[in-house]
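**Q** Structure in structure tokens, see below.
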Amino acid sequence: QKQKQKQRNKSQDSDTMDVFDKRHQLELCVEVDNYFAYALEARTDLPRRWLNLPLPVPILSLTCALGGERREIHVYPTLQFVYSHHIQASYITQEVKDALGSHPDPDGVCARFLAASSARRAGEAP
Numbered sequence: 070q071k072q073k074q075k076q077r078n079k080s081q082d083s084d085t086m087d088v089f090d091k092r093h094q095l096e097l098c099v100e101v102d103n104y105f106a107y108a109l110e111a112r113t114d115l116p117r118r119w120l121n122l123p124l125p126v127p128i129l130s131l132t133c134a135l136g137g138e139r140r141e142i143h144v145y146p147t148l149q150f151v152y153s154h155h156i157q158a159s160y161i162t163q164e165v166k167d168a169l170g171s172h173p174d175p176d177g178v179c180a181r182f183l184a185a186s187s188a189r190r191a192g193e194a195p
């Protein structure tokens, strides 16, 4: 019985997220009087909106040929994806931190994402 319990606990532990090294952590803060009341309205709940923000730094870039023409595919994550326990902490680089800041404005982050992805598509440095 004890061995089954230990094995079950070990399996559960493997699904937990490791603590990211400080250099791979983002500090995002919002101060409110009553978070539960604040979080009822998704439109104004900044932490919820932050998790859905697209990051302007691709985690994967592929180059392929399609119809004799060279194409590039860039995969951009959201903040929630990057903090998933299945992801490498090293995805959170200084470039990602700089793109978000400590209190990101969702509209500004989205605008920077669109500008960076358009520049990358045009072959310019973002």
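Each number in this note's numbering corresponds to the 1-based position in the sequence shown with 69 added.
Heads up, the beta-carbon is just placed ideally off N, CA and C, and yes, glycines get one too.
Note that the structure is a prediction, hence the values are computed from the model and not measured.
Which value, in whole angstroms, describes the spacing of the CA atoms of Pro173 and Arg190?
**A** Counted from its first residue, the sequence shown places residue 173 at position 104. Counted from its first residue, the sequence shown places residue 190 at position 121. Taking the straight line from one Cα to the other gives about 24 Å.
**Q** Given this structure, state the Cα-to-Cα distance separating Leu131 from Tyr145, to the nearest angstrom.
**A** Translated into positions along the sequence shown, residue 131 becomes position 62. Translated into positions along the sequence shown, residue 145 becomes position 76. Going from the Cα of Leu131 to the Cα of Tyr145 covers about 12 Å.
**Q** Determine the direct distance from the alpha carbon of Arg140 to that of Leu129, and round the result to whole angstroms.
**A** One-based indexing of the sequence shown puts residue 129 at position 60. One-based indexing of the sequence shown puts residue 140 at position 71. Distance between the alpha carbons of Leu129 and Arg140 is about 14 Å.
**Q** Helix, strand or coil for Thr85, going by three-state DSSP, please let me know.
**A** Reading the sequence shown from its first residue, position 16 is the one you call residue 85. Because the pLDDT at Thr85 is just 46, under 50, the model does not fix this residue reliably, and the value given afterwards should be weighed accordingly. Thr85: coil per DSSP, three-state reduction.
**Q** Measuring alpha carbon to alpha carbon, tell me which of Pro123, Lys166 and Asp102 ends up nearest Gln149.
**A** On the sequence shown, residue 149 is found 80 positions in, with the first residue counted as 1. Checked all of Pro123, Lys166 and Asp102; the closest Cα to Gln149 is Pro123.
**Q** Check Ala188 in the structure and name its three-state DSSP category.
**A** Looking up residue 188 in the sequence shown gives position 119. In the structure shown, Ala188 sits in a helix (DSSP, three-state: H, G or I).
**Q** For the region 107-137, list the alpha helix (DSSP H) runs that are entirely contained and at least 4 residues long, ordered along the chain.
**A** As far as the region 107-137 is concerned, its whole alpha helix (DSSP H) runs of at least 4 residues are 115-120.
**Q** Which residue marks the beginning of the alpha helix (DSSP H) containing Val151, and which one marks its end?
**A** Here residue 151 refers to the residue found at position 82 when the sequence shown is read from its first residue. Unbroken alpha helix (DSSP H) run through Val151: Leu148 to Val151.
**Q** Using a Cβ-Cβ cutoff of less than 6 Å, which residues in the same chain neighbour Val101 once the five nearest sequence positions on both sides are dropped?
**A** Within the sequence shown, numbered from 1, the residue matching residue 101 stands at position 32. Here the set comprises Tyr107.
**Q** Kindly indicate which residue of Cys179, Ser186 and Ser159 has the alpha-carbon position closest to the one of Leu95.
**A** Residue mapping note: residue 95 aligns to position 26 of the sequence shown, counting from 1. The residue with the shortest Cα to Cα distance from Leu95 is Ser159.
**Q** In or out: Ala185 buried (at least 16 other Cβ within 10 Å) or exposed?
**A** Residue numbering aside, residue 185 sits at position 116 when the sequence shown is read from its first letter. Per the 10 Å Cβ criterion, buried.
**Q** Give the secondary structure of Glu100 by DSSP, where H, G and I count as helix, E and B as strand, and everything else as coil.
**A** Indexing the sequence shown from 1 puts residue 100 at position 31. DSSP places Glu100 in coil when its eight states are reduced to three.
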